[in-house]
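Q: Would you mind keeping the following structure in view while I ask a few things?
Residue numbers (the working numbering): 1 to 293.
This is the structure:
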């Protein structure tokens, strides 16, 4: 159950299902209050081995969950059995409609459960370099061309729609350049990572439009406050789950402490974007066929 599954299971969602989730947030009011959203994000942070959207599903079903696994995983990896009458939790799973998992409290076992798994990491500010390298190498997949520039310390970077019809090398292939992502070369690898996560948050939440509605939605008309809150949320989730501190923490903390309710953001797009970025840090992804020249 890792973030690798994100791009696979998110493809299962139709526009109607996404609208249903919007209705859950906006009409029913779930997670509209700042304290509720903060609790949700802190919960998702605790499950870095599970895709953000699956962690969200766990929170809806059982907010106090500490660790989840399938019945076979509990038996084979932890020598624990499922308690009689325990109710499974449902998460999405690639190549299957759903998967059933069980929470730690719903298991029995003689061996003590590893305490380290309940605290998977501390946010210590150090990023493994391969994660940044893989993220950058995967950018051409979505037509993103990566650049580093000599900017002042106050300028982290930006992303913009490319003009013209440029191409870039992508391994042994050529890929179209649809966007330019510029990052401050003077920043640390952690700062660069946070900047890329923030700018990709804008991209994958649809703030720059979309080359293809099947990739992500066109949400250019959203208010700037909504766009910024979503991008900051994406960056916070990605960085916190990677175990590094990030500038988005100050923004979100300040906003959630000073405002009783959050803007009418698309939480499902935030979670989907965070999952897409995480997948890019874990392995090499194939180019989308539409960007191959």
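Backbone N, C-alpha and C define an ideal beta-carbon position, used for all residues, glycine too. Note that the structure is a prediction, hence the values are computed from the model and not measured.
#1: Quick one: give me the first and last residue of the alpha helix (DSSP H) that residue 254 is part of.
#2: Got a sec, what are the start and stop residues for the alpha helix (DSSP H) residue 129 sits in?
#3: Is it buried or exposed for residue 12, if we count other Cβ within 10 angstroms and need 16 for buried?
#4: Under the DSSP definition of a beta bridge, which residues are partnered with residue 366?
#5: Among residues of its own chain, excluding the 5 on either side of residue 292, which ones have a beta-carbon nearer than 7 angstroms to its beta-carbon?
#6: Looking at the structure shown, is residue 269 part of a helix, part of a strand, or coil, going by DSSP?
#7: Take residue 231 as the anchor and find which of 272, 215, 162 has the nearest alpha-carbon.
#8: Would you report the Cα separation of residue 168 and residue 81, rounded to the nearest angstrom?
#9: Below 7 angstroms CB to CB, which residues in the same chain sit around residue 138 once its five sequence neighbours on both sides are set aside?
#10: Once the 5 residues before and after residue 131 are set aside, which same chain residues still bring their CB inside 6 angstroms of it?
#11: Just the C-alpha distance for residue 268 and residue 57, rounded to the nearest angstrom, thanks.
#12: Give me the Cα-Cα distance between residue 34 and residue 245, rounded to the nearest whole angstrom.
#13: Applying the 10 Å Cβ sphere with the 16-neighbour rule, what's the burial state of residue 265?
#14: In angstroms with no decimal places, state the Cα-to-Cα distance between residue 143 and residue 198.
#15: Distance check for residue 54 and residue 239, CA to CA, integer angstroms please.
#16: Go through its chain and collect everything with a Cβ distance to residue 237's Cβ below 8 angstroms, but skip five positions before and after it.
#17: From the DSSP output, in three-state form, read off residue 79 for me.
#18: Please report how far the alpha carbon of residue 220 lies from the alpha carbon of residue 145, in whole angstroms.
#19: Out of 195, 187, 171, 189, which one is the CA nearest neighbour of residue 181?
A: With the given structure in hand:
#1: For residue 254, the enclosing alpha helix (DSSP H) covers residues 248-258.
#2: From DSSP, the alpha helix (DSSP H) with residue 129 extends over 129-138.
#3: Residue placement at residue 12 cannot be trusted, given a pLDDT of 47 that sits under 50; the coordinates are not used to answer.
#4: What the structure shows of the chain is the stretch from 1 to 293, and residue 366 is not part of that stretch, so it cannot be assessed.
#5: Cβ neighbours of residue 292 beyond the five flanking positions: 173, 175.
#6: DSSP places residue 269 within a helical segment (H, G or I) once states are collapsed to three.
#7: By alpha-carbon distance to residue 231, the top candidate from 272, 215, 162 is 272.
#8: It is roughly 52 angstroms from the alpha-carbon of residue 168 to the alpha-carbon of residue 81.
#9: Excluding residues within five positions, the ones whose Cβ falls inside 7 angstroms are 280, 284, 285.
#10: Here the set comprises 281.
#11: The alpha-carbon of residue 268 is positioned some 11 angstroms away from that of residue 57.
#12: One C-alpha to the other measures close to 21 angstroms.
#13: When all chains shown are included, residue 265 counts as buried.
#14: Cα-Cα distance, rounded: 17 angstroms.
#15: Their Cα atoms are separated by approximately 18 angstroms.
#16: Only residues of its own chain outside the window of five on either side were considered, and among them 41, 44, 45, 52, 270, 271, 274 have a CB closer than 8 angstroms to the CB of residue 237, listed in chain order.
#17: When DSSP states are grouped into helix, strand and coil, residue 79 belongs to the coil group.
#18: Rounded to whole angstroms, the gap between the alpha carbons of residue 220 and residue 145 is 21 angstroms.
#19: Among 195, 187, 171, 189, the Cα nearest to that of residue 181 belongs to 195.
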